[in-house]
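Here is the structure we will look at, set down as structure tokens.
Residue numbers (the numbering used here): -1 to 322.
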């Protein structure tokens, strides 16, 4: 048999592959609409909003809206957004062919549920970050913000994974979150990293379809002491080594001790450096960086020439090895 147009021999039918591609509608590409969030750029697909590359979205929509005849075996689709053309490449009746179709679509911009809630100040939980009897350190706040960012990144597909507001207050920081579950996760991770206890409370916000809707507050109270601070425990002075696990070191015996809600004897920034110039079995003489000479109980591991840190507590001086 021969093609009725070009005369080329063919196995069946009345047109060869190239002539069929030229004369018959082997591909029909319908007009389509893409719904994009005007705020975050996520795309609505069926009933879901997802974060997706725009070109990838176009490709998916082309595949959904292209009607291809059985004879045309498509192997590749090339989309040219500059000229709004789509090139379908493949074969018909064993012949390589390509068909060009006009890309015809419109973009509809809306606000996705996540952005709508975020813009409206919606929140389900508050994480309150506080420190016992002191102000929060900037590095503690920074650690909490890093934890918050990590949790939100892992919850990226959750439409409630957003921060409505962050308040810096004199007494600490309040983080308003779109999800109760995320608030719980953030508070637990902050407590694990910085130490301290979590107190959970809830307040009735509204009623929907006869159901009570609550807002939850997770208050994280970081210990008064920080790593490097000195605390008094059962009459003994210890240096805090690990806030998370509540571990310290006795400055006299060098033994590890458990720290609870013990009194802070000295802040790390209040301590000054010094050098041991004389030492016996029970005491050490220390020349401080500012020239002051003090006598303290002999700190664990001290020798003449040892570098120490010195502080005063209740009228007495104490010292401990700088690298304790």
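For every residue, glycine included, the Cβ atom is placed at its ideal position computed from N, Cα and C. For clarity, every value in this text was computed on a predicted model and none was experimentally measured.
Give every residue of the same chain whose Cβ lies closer than 6 Å to the Cβ of residue i, excluding the five residues on either side of it in the sequence, and list them in chain order.
i: residue 170; result: 127, 128, 134
i: residue 38; result: 113
i: residue 1; result: 8, 13, 14, 17
i: residue 49; result: 40
i: residue 165; result: 172
i: residue 340; result: Since the first residue of the chain shown is -1 and the last is 322, residue 340 is not available in this structure.
i: residue 225; result: 238, 241
i: residue 198; result: 216
For residue i, which residues in the same chain have their Cβ closer than 8 Å to its Cβ, ignoring the five residues on either side in sequence?
i: residue 205; result: 211
i: residue 56; result: 32, 77, 79, 101, 103
i: residue 310; result: 264, 316
If you draw a straight line from the C-alpha of residue i to the C-alpha of residue j, how long is it?
i: residue 298; j: residue 257; result: 19 Å
i: residue 332; j: residue 244; result: Look at the range of the chain in this structure, -1 to 322, and you will see that residue 332 is not part of it.
i: residue 16; j: residue 32; result: 33 Å
i: residue 320; j: residue 109; result: 57 Å
i: residue 184; j: residue 51; result: 29 Å
i: residue 251; j: residue 292; result: 20 Å
i: residue 47; j: residue 20; result: 39 Å
i: residue 260; j: residue 229; result: 6 Å
i: residue 306; j: residue 300; result: 8 Å
i: residue 276; j: residue 149; result: 53 Å
i: residue 69; j: residue 87; result: 13 Å
i: residue 6; j: residue 22; result: 17 Å
i: residue 286; j: residue 274; result: 9 Å
i: residue 85; j: residue 138; result: 56 Å
i: residue 271; j: residue 130; result: 27 Å
i: residue 178; j: residue 75; result: 45 Å
i: residue 153; j: residue 188; result: 17 Å
i: residue 223; j: residue 119; result: 35 Å
i: residue 54; j: residue 35; result: 16 Å
i: residue 280; j: residue 248; result: 15 Å
i: residue 89; j: residue 107; result: 38 Å
i: residue 242; j: residue 186; result: 12 Å
i: residue 42; j: residue 267; result: 54 Å
i: residue 11; j: residue 25; result: 19 Å
i: residue 314; j: residue 283; result: 13 Å
i: residue 269; j: residue 318; result: 11 Å
i: residue 239; j: residue 216; result: 26 Å
i: residue 60; j: residue 45; result: 19 Å
i: residue 253; j: residue 200; result: 42 Å
Please classify residue i as buried or exposed, where buried requires at least 16 other C-beta atoms within 10 Å of its C-beta.
i: residue 190; result: exposed
i: residue 181; result: buried
i: residue 4; result: exposed
i: residue 263; result: buried
i: residue 65; result: exposed
i: residue 117; result: exposed
i: residue 246; result: buried
i: residue 289; result: exposed
i: residue 237; result: buried
i: residue 155; result: exposed
i: residue 227; result: buried
i: residue 303; result: exposed
i: residue -1; result: exposed
i: residue 294; result: buried
i: residue 192; result: buried
i: residue 194; result: buried
Locate the alpha helix (DSSP H) running through residue i, then write down its first and last residues.
i: residue 54; result: 52 to 63
i: residue 241; result: It is not in any alpha helix (DSSP H) - residue 241 carries neither H nor E in the DSSP assignment.
i: residue 190; result: 178 to 192
i: residue 144; result: 136 to 152
i: residue 22; result: Looking at the DSSP string, residue 22 is not in any alpha helix (DSSP H), and its letter there is neither H nor E.
i: residue 112; result: 111 to 117
Tell me which residues share the same chain as residue i and place their Cβ nearer than 7 Å to its Cβ, disregarding the 5 neighbours each side in the sequence.
i: residue 63; result: 27, 28, 30
i: residue 96; result: 85, 86, 87
i: residue 203; result: 211, 212, 213
Over what stretch of residues does the beta strand (DSSP E) that includes residue i continue unbroken?
i: residue 336; result: Nothing about residue 336 can be read from this structure; the chain reaches only from -1 to 322.
i: residue 169; result: Segment: none, residue 169 is in no beta strand (DSSP E) and carries neither H nor E.
i: residue 107; result: 103 to 108
i: residue 226; result: Where residue 226 is concerned, there is no enclosing beta strand (DSSP E), given that its DSSP letter is neither H nor E.
i: residue 281; result: 281 to 286
i: residue 214; result: 209 to 220
i: residue 309; result: 305 to 311
i: residue 81; result: No beta strand (DSSP E) holds residue 81; DSSP gives it neither H nor E.
i: residue 205; result: 195 to 206
i: residue 124; result: 123 to 129
i: residue 31; result: 30 to 35
i: residue 94; result: 93 to 100
Does residue i get closer than 9 Å to chain B when you measure Cβ to Cβ?
i: residue 90; result: Absence of chain B from the displayed structure is noted, only one protein chain being present.
Mind the definition here: the region 143 to 162 touches the region 97 to 106 only if three or more C-beta pairs lie below 8 Å; say whether that holds.
-> The region 143 to 162 vs the region 97 to 106: no contact.
Per the contact definition of three or more C-beta pairs closer than 8 Å, is the region 167 to 181 in contact with the region 112 to 132?
-> The answer is yes - the region 167 to 181 touches the region 112 to 132, with three or more Cβ pairs under 8 Å.
Evaluate contact between the region 226 to 233 and the region 140 to 151, counting only Cβ atoms and requiring at least three cross-stretch pairs below 8 Å.
-> With a cut-off of 8 Å, the region 140 to 151 and the region 226 to 233 do not count as touching, because too few Cβ pairs lie within range.
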